[in-house]
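Engineer: Note that the sequence shown covers residues 2 to 55 in the working numbering.
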Amino acid sequence: WNVTIELEEGNYDIFVRGVDRAGATSEYVIRNVTIDLTEPWLIITTPEKDLFYT
2 WNVTIELEEG NYDIFVRGVD RAGATSEYVI RNVTIDLTEP WLIITTPEKD
52 LFYT
């Protein structure tokens with residue numbers, strides 16, 4: 002089973018539990034989700050002469 006949720010940027014707590022056909026329920030499972038729409042960025046630098054980075 003799948004569900005799609007549209008969320009805006011921010012922090013969310015998502016509570017999920019299972020329910021079977023007989024009505025028995027599981028404990029809630031809580032997941033913390035952060036939606037961050039900031040674009041990634043990267044800066045590449047070249048080592049100075051005779052130096053190296055690990």
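Using N, Cα and C, we set each Cβ at its ideal position, and we do this for glycine too.
In the structure shown, what three-state DSSP assignment does Ile44 receive?
Structural biologist: Ile44 falls in the coil class under three-state DSSP.
Engineer: Can you name the start and end residues of the beta strand (DSSP E) that Arg32 belongs to?
Structural biologist: Segment 30-36, the beta strand (DSSP E) holding Arg32.
Engineer: Going by C-alpha distance, which of Gly11, Glu7, Glu40, Thr5 is nearest Asn33?
Structural biologist: Among Gly11, Glu7, Glu40, Thr5, the Cα nearest to that of Asn33 is on Gly11.
Engineer: Look up Ile15 in the DSSP assignment and give the residues it is bridged to.
Structural biologist: For Ile15, which the question treats as bridged, DSSP gives the partners Arg32.
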